[in-house]
Amino acid sequence: MSRNIKVKGVGKLNLRPDTMSVSLKNTNTLEKYEDAVAKSTYDVGEIRNCITKAGLEAKDLKTSSFKIDAAYESYYDKEKNYKSRFVGYKYIHNLHIEFPIDNKVLGKLLYELSKSEVELEFSISYTVEDKEKANKELLKLAILDAKENAELFCDALGNKLGQVSEINYSWSELDIYTYPIKDSLNIQASKMSKSLDIDIEPEDISISDSVTVIWDIL
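The numbering used here numbers the first residue of the sequence shown as 43 and each following residue consecutively.
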């Protein structure tokens, strides 16, 4: 009868962010569907122009999600009955752009966006450029932790650790981002120079992951 030991290992990392991610939410409601599509397309063009003026590459602007739905508003009729009525088509376009951490570039980008007529909400978060490297290092640490714990158990019981018989790992993508800073772009750009004075120092990103390994016991 084979004997084995099952141990869970945990890896932990503190990462210094080197990349900022600016997420933008563009939304509006228009009476006709085709007008909603056209306005959304126009808004994206304006956002790309702002990105270019800030010294970034417009092609780096990516869409996270996009949808257009019929919009309704609630109201009370003359008899005080609660009803809803169609008001048009609402589009919601979520976009984001990532670039190396630079508060001056961020200030220029937010300034240009605030000057445009596009209605936007934004959030800023921080990450690392090489996410795959961080994930691999984290997995390595988790496996080493599992092995160290397994050896500790075997030494205490007077046994030896054999070959690995099974590894269980979720292989899910980790969310390597700081908590987002959110706001709306309702700044009066006419009262400013050509940039916003921004001084943000991101905190380190703490991530962890786990793996379960089964070894034979000799």
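We treat Cβ as the ideally placed atom computed from N, Cα and C, and that holds for glycine.
**OP:** Could you check if G97 is buried or exposed, using at least 16 other CB atoms within 10 Å of its CB as the buried criterion?
**Re:** exposed
Original post:
Do you know how far the Cα of S248 is from the Cα of V49?
Top reply: 23 Å
**OP:** Can you give me the start and stop residues for the alpha helix (DSSP H) that K81 sits inside?
**Re:** 75-95
Original post:
Straight-line CA distance for P222 to E76?
Top reply: 33 Å
Subject >> Through-space distance from S167 to P142, alpha-carbon basis >> reply: 12 Å
**OP:** Report the option in F108, K120, W213 whose CA atom is closest to the CA atom of D251.
**Re:** W213
Subject >> Proximity of I256 and N191 at Cβ, strictly below 9 Å >> reply: no
Original post:
Roughly how many angstroms lie between the CA atoms of Y124 and A112, to the nearest whole one?
Top reply: 19 Å
Subject >> Member of E245, D241, L55 whose CA lies at the smallest distance from the CA of K150 >> reply: D241
Original post:
Among D187, E161, C196, which one has its Cα closest to the Cα of N68?
Top reply: E161
Original post:
Alpha carbon to alpha carbon, what distance is there between K109 and M62?
Top reply: 26 Å
Subject >> Sub-9 Å separation of K202 and I259 beta-carbons >> reply: yes
**OP:** Let me know the secondary structure DSSP gives Y153 once reduced to three states.
**Re:** helix
Subject >> Nonlocal neighbours in the same chain, by C-beta distance under 8 Å from H138, ignoring five residues either side >> reply: S63, V64, S65, L66, L103, K104, S106
Subject >> Element boundaries [alpha helix (DSSP H), containing L186] >> reply: 173-199
Subject >> First and last residue of the uninterrupted beta strand (DSSP E) at T69 >> reply: 61-72
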